[in-house]
Amino acid sequence: MAQTHFFVHDKEDHVGVAVVDIKAGEEVNGWVMENDDTVTVKSVNDIPLGHKISLKDLDQGTKVLKYNVVIGGATQAVKTGEHVHTHNLKTLRW
22 MAQTHFFVHD KEDHVGVAVV DIKAGEEVNG WVMENDDTVT VKSVNDIPLG
72 HKISLKDLDQ GTKVLKYNVV IGGATQAVKT GEHVHTHNLK TLRW
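22 is the number of the first residue of the sequence shown in the working numbering; add one for each residue after it.
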């Protein structure tokens with residue numbers, strides 16, 4: 022298998038978590054922990070270690086899944102491969 026750039030906890034997740042720094046324009050590989058599958062996306066932005074990468078296009082208002090649990094809502098449209106963080110994701114608690 023090629024280098025793993027991000028982990029995906031559940032096959033239903035919308036985001037993966039970078040395990041290395043990712044550069045914009047890279048083809049990056051993710052390991053889906055639930056079923057030992059792999060997924061590949063092209064990064065749109067630089068994504069720091071520990072931050073999230075979108076695995077699919079998300080519309081504004083989409084409830085974003087990580088661990089197959091809602092972690093917040095997309096505050097704007099997010100494209101596959103984009104950095105997902107506080108600039109485009111907000112908790113639904115407040």
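Glycine residues also receive a C-beta, built at the ideal position from the N, C-alpha and C atoms.
In this text, all values refer to a predicted model and were calculated from it rather than measured experimentally.
Please go through the same chain and pick out, in chain order, the residues whose beta-carbon is closer than 7 Å to the beta-carbon of residue i, but skip the five residues on each side of it.
i: residue 82; result: 94, 95
i: residue 33; result: 86, 89
i: residue 31; result: 55, 88, 89
Using three-state DSSP, classify residue i as helix, strand or coil.
i: residue 94; result: strand
i: residue 64; result: coil
i: residue 119; result: Nothing in the structure corresponds to residue 119, since the chain is present only between 22 and 115.
i: residue 39; result: strand
i: residue 112; result: coil
i: residue 34; result: coil
i: residue 57; result: coil
i: residue 104; result: strand
Ignore the nearest five residues each way along the sequence and tell me which others in residue i's own chain have a CB closer than 6 Å to its CB.
i: residue 68; result: 39, 43, 74, 104
i: residue 102; result: 62, 63, 64, 65
What are the boundary residues of the beta strand (DSSP E) that includes residue i?
i: residue 48; result: 48-53
i: residue 85; result: 84-87
i: residue 99; result: Per DSSP, residue 99 belongs to no beta strand (DSSP E) and is neither H nor E.
Return the Cβ separation of residue i and residue j in integer angstroms, given the expectation that the two are a contact with Cβ distance under 8 Å.
i: residue 50; j: residue 26; result: 6 Å
i: residue 29; j: residue 54; result: 7 Å
Counting only beta-carbon separations shorter than 7 Å, does residue i have a partner in chain B?
i: residue 90; result: In the displayed structure, chain B is absent; only one protein chain is listed.
Excluding sequence positions up to five away, which residues of its chain have a Cβ less than 8 Å from the Cβ of residue i?
i: residue 76; result: 29, 34, 35, 36, 37, 51, 60, 62, 101
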